[in-house]
Each structure stands twice: as structure tokens, then as C-alpha cells.
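Heads up, the thing below is written out as C-alpha cells.
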Amino acid sequence: MDEVVLKVKDLNISYRTKKGEVKAVNGVNFEVKRGETLAIVGESGCGKSSLGRGLIRLFPRNIKSVDGEIIINDKNILALTEDTFRKEILWREISMVFQGAMNSLNPVLKVIYQVAEPLMVHYGIDRESAFKRGKEILSLVGISEAFAERYPFELSGGMKQRAVIAMALITNPKIIILDEPTSALDIITQENIINLLKALKSELGLSFIFITHDIALTSELADIMAVMYAGEIVEISPVEEFYNNPSHIYTKLLLESVPTLKEDKDLKSIPGSPPSLINLPKGCRFHPRCPFAMDICKTKEPPIFRVSGNHFAKCYLARGDKDE
Amino acid sequence: MEEDNKINNEVVSEYTLRGILKEVLSYKAGVASLIILLFFLGITIYTVVAFPYSEAIREWNSSSAHLKKPRNAVPVWWGLFSGKNLPRNIDVTFNSNEGNPIHKEFSFTYDDFPTEINIFFKAKYSGDPPIVKIYWEKPDGERMLLEEHTIRSEEDTLYLSNNFSLENRLSTDIASKIGKPIDFSITVPRALFMKYSDKLEVLKGDYKITLDTKFANKNDSLSGELVIYGKLYGIAGTDHLRRPIQIALLWGTPLDLSFGLGASLSITFLELIIASISGWFGGITDSIIQRLTEIYMVLPFLPIMIMISLFYKLSIWSLLFVVIILSIFGSGIKTTRAMVLQVKNLPYIEAAQAYGASNWRIIFLYIIPKILPPVIPNLVASVPVYVFLEAILALFGVLDPTQPTWGRVLEDAFQNGALYKGYVYWVIIPSALLILTAISFSLLGFVLDRIVNPKLKEL
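As you go down the protein sequences, you meet chains A and B in turn.
Sequential numbering of the first sequence, starting at 29, is according to the working numbering.
Sequential numbering of the second sequence, starting at 13, is according to the working numbering.
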């Protein structure tokens with residue numbers, strides 16, 4: 029269980045736009061072990077999706093630079109050629125469930141065709157056996173065989189989402205990136221999908237990278253929580269520690285802004301809006317919105333402090349009593 | 013989940029071919045267009061099955077096959093509107109075996125005079141040729157010698173109506189019989205079938221022709237056919253070369269429609285593919301295709317077509333090829349590319365890209381099916397454009413004249429001043445077919461547009 033399946037070292041991704049360089053992902057480091065789920069939370073536009081797509085090298089056309097290492101199977105996938113990456117890593121080792129599953133299916137192809145397509149594309153398996161395998165996977169995610177031969181518009185939102193998950197599962201990858209897999213679904217269906225993902229995790233020993241803006245949803249699935257702000261991971265921690273002892277001010281404020289069932293509390297909002305990724309503030313990127321900002325925050329970028337064990341935070345106030 | 017697993021079959025049926033047909037038929041315009049299309053389909057099947065193309069081409073281009081048909085005859089049904097009983101062809105065959113002299117009787121009960129009278133002889137002789145004396149007997153008993161004709165060859169034709177000496181003789185004769193000044197000219201057919209009065213009127217009744225042959229040799233024989241040319245022929249009349257126009261109209265249907273369909277199908281799909289490539293790959297590919305399209309759009313299409321057709325003798329199929337080549341970088345590329353740009357960032361295309369689908373797989377399996385529906389009505393509606401293009405080029409006289417097409421008929425009519433001479437049928441029938449084609453395909457295009465673009469339904 030301790031095998032590290034994905035390791036990201038100093039990943040930087042930047043885009044070219046007319047207004048200037050957009051630094052979408054900055055110095056991101058993390059690793060994911062087999063069977064572990066890493067949840068990445070953050071506001072819109074903080075670089076979550078860029079990171080998720082970066083992990084499968086799905087860059088937009090205006091990509092400027094990608095530095096760092098993404099290590100899967102002891103290989104730095106950023107150093108591989110496009111062709112080897114496609115043939116050896118993509119979908120065999122790591123696959124992705126896209127944002128807005130409602131639209132992630134081609135309306136003119138039958139569900140089974142699309143679910144089985146990665147098999148046909150990557151393994152060159154003939155249509156018949158690919159379809160057979162596709163039906164197995166579909167029943168694994170709870171779609172009956174009768175629906176395999178249907179078109180996407182005949183499926184409900186939850187079923188489409190299941191089909192897209194089946195598509196990501198069909199090649200038996202070790203890691204699945206879930207990019208907002210439950211957005212645009214109602215709360216009951218969300219719960220169903222999360223339960224499905226939990227079941228898959230324990231049955232198949234999958235590692236998930238769960239990207240979401242819904243911090244409440246992550247608590248059910250995640251083993252490790254990472255908070256992104258302005259392209260950086262500002263805090264990363266095992267899940268219990270994360271909720272019990274949030275260390276970065278941003279994380280604290282974020283958790284205070286989420287309603288909980290157990291206690292009756294006033295919800296707080298974080299004033300201001302996230303900085304533009306073109307024009308990042310000096311020092312700590314959160315300091316313009318931080319109620320506890322000190323002088324050092326405005327001038328010097330905080331290093332990453334170890335709070336305890338595997339709990340790291342990028343905030344001077346998280347330094348606590350311990351050493352760096 | 014239970015709820016989810018119910019299958020709704022009604023929704024699905026709408027998207028099958030039968031479902032689409034059903035929907036087309038729910039519009040009156042759709043019914044009308046399908047009726048017209050079925051009519052054309054019927055003509056096509058009948059023509060292809062009953063009248064082989066090689067035979068049609070041979071008949072259309074042969075000068076001798078139509079000698080016994082009337083020149084510029086109107087269609088039979090057209091004659092019904094004239095209010096008169098117009099003459100049809102009368103063929104009288106004769107053979108010297110039946111005895112000499114040969115007497116033949118026929119009745120003439122039409123209201124109008126025939127156009128021409130010819131006798132086609134077939135003779136067999138050794139030594140001196142036979143000499144034929146031709147007598148004409150009118151219903152009132154008047155008998156006259158028309159001609160004493162010496163057979164000139166084994167196959168000989170006596171053009172009675174072109175015989176000026178006969179015409180002169182008959183007209184002075186008739187003028188003296190009437191004894192009054194007359195305000196019409198007397199031609200041979202008129203002289204032979206008229207009442208002797210100052211009004212031009214047909215004498216109806218039984219006519220008799222007698223051929224008294226003098227053979228030089230006992231074994232000589234003479235047979236042949238007397239043809240009295242009428243004014244009615246077939247379903248579409250005949251042209252200036254006595255060719256039945258129906259040949260061209262019948263075969264023009266499959267030729268013109270396949271030309272139109274072929275051009276519009278191949279141009280639409282090639283444009284679709286090129287535009288998808290342009291939109292999907294972007295960058296330099298896109299720039300090259302777009303600049304090329306702009307150059308193509310500036311070129312004047314029709315003048316270039318005419319120029320090419322003048323330099324190279326084009327058959328309808330090579331014309332089709334040239335039209336396709338000259339049209340694939342048309343303005344359709346611009347609109348289709350715009351649609352591709354809209355579609356290319358759709359999540360499911362991104363997803364396909366993510367799991368490693370190749371560019372071509374994405375273009376053919378993801379992009380083209382997505383942008384196809386709005387293109388189909390245009391495809392259907394542009395069929396008549398190419399049918400008309402063929403007609404226009406034919407009208408300019410730059411297409412292969414041996415191929416019977418609708419445009420060809422119009423060109424002949426135009427060249428021979430059909431409208432000035434009153435041969436209205438010659439222009440109206442092919443024009444009507446062209447217009448029917450335009451109407452049916454346009455209506456079908458509109459209806460399909462309504463079906464595949466649901467936004468229009470709300471209007």
C-alpha cells in the first residue's frame with residue numbers, strides 16, 4: 029500500500045496570453061500512494077484544473093512553459109515523447125474524469141462505444157471484446173446492459189457521470205484524476221457518485237486525485253487534503269489533521285466559510301478576491317486578503333513549514349514552535 | 013436507478029430514418045417535395061430500365077433515325093388545348109407484290125393540314141429503273157396525277173411537299189378552280205387536302221393514292237411507305253431535327269439529378285472535411301486553407317467555368333469534376349470552420365483528446381457528426397443550384413452537345429428561336445422540369461432545416 033504511484037516535483041505551468049504570462053501552477057510538490065486519495069481544493073481560477081490537466085499533459089495551445097517533474101512508474105512523463113506518453117502512460121497508468129460529465133460524452137456515439145473506445149485506441153482490441161469489457165465495467169459502475177446500447181441523451185446526469193467514470197476505469201489505470209466529478213449534479217446523485225468512488229477505491233485499490241471546490245465533499249473520500257491558492261499548494265495534510273488543526277490562515281478561513289451540520293456557527297467570508305495569476309502580489313500571495321498579515325508577509329515569500337508529520341503549510345503563522 | 017433503467021422507445025424512434033421521414037411528412041411542404049421527388053425517381057427508374065443509355069445516345073445523335081417523324085411537332089397532350097383536332101402522322105405502306113397498280117385508301121378527318129408528304133421507296137431492279145406514276149384521289153372523286161417519278165436508286169425518297177413544280181402546277185390549277193382572289197399561299201399539303209373555296213378548309217373523308225409502276229424487268233419490285241406528317245408527336249413533341257424531345261427529357265432526369273446530387277454531395281462533404289481540418293489543426297494549416305478559400309472566393313466562378321468549357325470539350329462528368337474542384341474551397345468553408353471552432357472546445361472532444369484519440373479520429377468521429385445536421389439542409393437545397401449550372405452552361409453552348417440533358421433541349425430551342433416561332437412547348441417543358449427540381453429540393457431543404465434546427469421550430 030505504500031508504493032508511491034505518482035510524484036510531482038516542483039511543477040510549474042505557465043500560459044501565454046495577450047496580457048502577459050499566466051502562472052497557473054507554481055512549485056507544486058506532492059506524492060500519492062497506492063490506494064490513497066488526494067483532494068485538491070481551492071477557489072475558482074486557482075490553478076486546480078491546470079494542475080489536473082497538467083498531470084496528463086493535456087495543455088492548452090497557448091502553453092508557455094512546463095518545468096518540474098511528474099513521476100509515474102519511475103519515469104518523468106514530462107520528458108517522454110508525445111507518442112510514448114500516449115502509448116505507455118496515458119490511460120494505462122493515469123486517466124481522467126472530466127469536469128461536467130454531462131458534456132463529456134459524444135452525443136452521436138453510443139455509450140458503450142465511448143466507454144470501450146480507450147481500449148480500441150490504446151490496446152487495439154477488436155470491437156467485440158472491447159464492447160464486452162465495456163459492459164462489464166458499466167455494470168461495475170451500476171449501469172445496466174440495456175443502457176450500454178443507448179445514446180448519451182437517453183441517460184440521466186448521474187448515469188452519464190457513471191459512464192464517464194467507467195470510461196476512465198476501462199484500461200485499469202492506477203491513478204484517476206477526478207476534475208469536479210460531481211459538479212452540476214444534484215446532492216443525492218453526488219452522494220451516489222461519491223459512494224461509487226469509495227467502493228471502487230476499496231475494491232480496486234485505485235488512487236484518486238480529486239479536484240473540487242466543494243470542501244465539504246472531500247471529507248468523505250480524501251486521505252490527504254491539499255489547498256491551492258494562486259497556483260500554489262499552500263497547505264497539504266492528512267485529512268484528520270487538516271480538519272482538526274488547519275494551519276494556513278487561508279485554510280482556516282476557508283473552513284470557517286463552510287456550513288456544518290454539527291454546530292451552529294456564523295458563516296464567514298474571505299474578503300477580496302484571489303489575485304490575478306498574471307500579476308501576483310509580492311511575498312505571500314495571500315497577504316492582501318489575510319487579516320493577520322505581518323510585514324514579512326508582504327515582502328518575503330514564506331517557505332514551507334512542517335507543522336507535524338506529513339502536515340505542511342506555507343505560512344509564517346504555521347511555523348509554530350517547531351523548526352522549519 | 014430503477015427509474016433510470018426504464019427505456020423510452022418513443023424518443024429513439026424519432027432519430028431513425030423512418031422517424032425523420034415521418035417528421036418530413038408532417039409538413040405540407042415536405043409532402044409536396046417528396047411527391048415531386050418520387051415523380052423524378054419514377055422517371056429515372058423507367059428511363060434506366062426501359063431505355064438503355066447507349067440506345068438513347070444513338071437515337072439522339074442519329075440524323076436518319078427520325079426521318080419519318082414530323083418536324084417541330086407539339087406534344088400530343090398540348091394539342092388538346094388548341095381546340096382543333098390536329099393531324100397525326102399517317103403511314104401508308106405499299107408493295108408491288110399486291111398487284112400493279114397499287115391502290116391505297118386512308119381517311120383524313122383532322123381539322124388541320126399535314127406538314128409534309130414524303131414517299132420512301134425501296135426498289136429492286138436490274139437494268140432500267142422502274143417509273144412510278146402517282147395519282148391522288150380526293151373524297152369528292154377528283155383524281156389528279158401528282159408526279160411521274162423515275163426511281164433513282166434502290167432507296168429513294170420523293171419529297172412531294174418540297175416539289176416546286178408540283179406546287180406551282182397545283183396552285184395555278186386551284187386558283188383557276190376557285191376563281192376568286194385568295195389570301196393564303198398554296199403548298200402541296202394544302203392543295204392535296206383542301207376544299208376548293210376562298211377559305212382554307214380541310215376536306216375530310218377517304219383519300220386514295222394510286223401508284224402505277226412501269227417495270228423494265230419482270231423480277232423488279234417496288235415497295236415503300238407514304239408518310240403524311242402530322243403536327244403531334246409523343247409526350248414532349250419533336251425538335252427542328254425531328255428528334256423526339258422526350259429522349260432528352262427522360263434521360264436528362266437521371267443525368268441532371270445525378271449531376272446535381274453528385275456535385276452538392278461531394279462539394280458539401282469535401283468542404284466539411286477541409287473546414288474541419290482547418291478549424292481543428294489551426295496554425296499554419298488553418299492559415300493556408302483560409303487564404304486559399306479567400307482566393308477561390310474572389311475568382312469569378314461562372315466565367316472561369318465558361319472559359320474551361322470553351323477550351324476543353326467537357327462531358328457532363330468531366331464538368332462535374334471541374335465544378336467540384338472549383339467549389340471545394342468555397343464560402344462554405346468559412347461557415348463550417350466557424351462551427352468547428354465552436355465545437356472543438358466541447359468537453360467531450362477534450363475528453364477524447366485526453367484519452368489519446370488521434371486527430372483524424374476526432375475529426376471524423378467527433379467533429380463532423382456534430383456539425384453535420386445543420387449542413388444537411390444546405391446540401392439538399394443546393395442540388396438545384398448545380399442542376400441549373402449545368403443548364404446554364406448548356407445554354408451557353410459550351411457543353412458536349414451529344415449528351416441529352418434538359419439544358420441541351422433549352423439550348424436547341426434558344427438557337428432555333430423557339431419562342432419567336434411559337435414552339436412554346438419546346439421551352440416550357442424543360443423549364444418546368446428545372447423549376448420542379450428547384451421547388452422540390454428547396455422545399456425539402458426548408459423542411460429538413462426545420463427538423464434539424466429546433467430553434468426554427470419556435471419561430
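Here a beta-carbon is modelled for each residue, glycine too, at the ideal position from N, C-alpha and C.
Is there a Cβ from chain A that is less than 8 Å from the Cβ of Pro386(B)? no
Are the beta-carbon atoms belonging to Leu178(B) and Val200(B) less than 8 Å from one another? yes
Could you have a look at Lys18(B) and say whether DSSP puts it in helix, strand or coil? Its pLDDT being 45, under 50, Lys18(B) is placed unreliably in this model, and the value from its coordinates should be taken loosely. Correct three-state label for Lys18(B): coil.
Quick one: list the residues of chain A neighbouring Gly368(B), beta-carbon separation under 7 Å, in chain order. Arg114, Leu118, Trp119, Val149 and His150
Could you have a look at Ala52(A) and say whether DSSP puts it in helix, strand or coil? strand
Which residue or residues does DSSP assign as beta-bridge partners of Asp103(B)? Val239(B)
Rounded to a whole number of angstroms, what is the C-alpha to C-alpha distance between Glu64(A) and Ile153(A)? 30 Å
Spatial neighbours of Val104(B) within its chain, please: CB distance less than 6 Å, with the 5 preceding and 5 following residues excluded, ordered by chain position. Lys116, Phe118 and Leu238
What in chain B is Cβ-close to Pro146(A), meaning under 8 Å? Tyr367 and Gly368
For the region 81-156 of chain A, which segments carrying the beta strand (DSSP E) assignment without a break, of at least 3 residues, lie completely within its bounds, in sequence order? 91-100 and 122-125
Residue closest to Asp424(B), alpha-carbon to alpha-carbon, out of Ala369(B), Phe333(B), Leu253(B) and Leu37(B): Leu253(B)
Distance, Cα to Cα, Ser288(B) vs Met253(A)? 42 Å
Which same chain residues end up closer than 8 Å to Ile388(B) when comparing Cβ atoms and leaving out the 5 residues on each side of it in sequence? Leu460 and Val464
So what does Asn40(A) bridge to, in DSSP terms? Asp95(A)
Could you tell me whether any Cβ in chain B is nearer than 8 Å to the Cβ of Phe126(A)? yes
Going by C-alpha distance, which of Thr109(A), Ser304(A), Gly162(A) and Ile204(A) is nearest Val143(A)? Gly162(A)
Contiguous beta strand (DSSP E) assignments of at least 3 residues, all confined to the region 52-129 of chain B: 102-107 and 114-120
Go through its chain and collect everything with a Cβ distance to Ala77(B)'s Cβ below 6 Å, but skip five positions before and after it. Glu71
Just verifying my parser: in three-state terms, what is the DSSP assignment at Thr265(B)? helix
Quick check: the Cα distance between Gly342(B) and Ile380(B), rounded to an integer number of angstroms? 18 Å
Please tell me whether Leu283(A) has its Cβ less than 8 Å away from any Cβ of chain B. no
CB contact check: Ile193(A) to chain B, cutoff 8 Å: no
Would you say Val464(B) reaches chain A, if we count a Cβ-Cβ gap shorter than 8 Å as a contact? no
Using C-beta distances below 6 Å, list every residue in its chain close to Ile306(A), excluding the 5 sequence neighbours before and after it, in chain order. Lys47, Gly48 and Val50
Is Leu445(B) near the ligand MG, with its Cβ less than 7 Å from a heavy atom? By its list of ligands, the structure shown contains no ligand whatsoever, and the ligand MG lies outside what it can speak to.
Would you say Ile19(B) reaches chain A, if we count a Cβ-Cβ gap shorter than 8 Å as a contact? Summary for Ile19(B): the model assigns pLDDT 46, below 50, so the residue's position carries little reliability; its value from the coordinates is reported in the next sentence. Yes, Ile19(B) lies at the interface with chain A (some Cβ there is under 8 Å from its Cβ).
For the beta strand (DSSP E) containing Ser336(A), list its first residue and its last residue. Phe333 to Ser336
Of all the residues that make up the region 339-363 of chain B, which are near chain A by a beta-carbon distance shorter than 9 Å? Leu358, Pro359, Tyr360, Ile361, Glu362 and Ala363
For Leu206(A), the three-state DSSP class (helix, strand or coil): strand
What is the rounded straight-line gap between the Cα of Pro126(B) and the Cα of Ser173(B)? 10 Å
Helix, strand or coil for Glu248(A)? Go by DSSP, reduced to three states. helix
Residue range of the beta strand (DSSP E) that Thr28(B) falls in? Counting along the chain, Thr28(B) falls outside any beta strand (DSSP E), and DSSP gives it neither H nor E.
When burial is assigned at 16 or more other CB atoms within 10 Å of the CB, is Glu160(B) buried or exposed? exposed
Proximal residues to Thr414(B) (C-beta, below 8 Å), its chain only, five neighbours per side dropped: Ile69, Trp72 and Asn73
Where Pro381(B) meets chain A, residues with beta-carbon distance less than 7 Å: Val136
Helix, strand or coil: which one does DSSP assign to Gly217(B)? strand
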